[in-house]
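In full-length UniProt numbering, the protein residues as written are 1 to 79.
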């Protein structure tokens, strides 16, 4: 029972992080700054698989913004 409880707690935490990342990333996707594949890639990279610690929306936003900036720079260079 304890293992199931820990698993559900971890899953719930990761889902909250996913929602935070989607909240920040969605406007960039809607403005066509990132493609569908890039959206998925940023979403995958931004999710921390760590089970402990707090969820800091400011840090999540900064991380996602950095990924988007990197992608836009890559588009600009034509790579």
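Even for Gly, the Cβ is constructed at its ideal location relative to N, Cα and C.
- Counting C-beta pairs closer than 8 Å gives three or more between the stretch 12 to 20 and the stretch 53 to 62, which meets the contact rule.
- DSSP places residue 56 outside any alpha helix (DSSP H), giving it a letter other than H or E.
- Burial is judged here by how many other beta carbons sit within 10 angstroms of a residue's own beta carbon; residue 75 has fewer than 16 and is exposed.
- By the criterion of a C-beta distance shorter than 8 Å, residue 47 is surrounded in its chain by 14, 17, 18 and 21, once the five residues flanking it on both sides are discounted.
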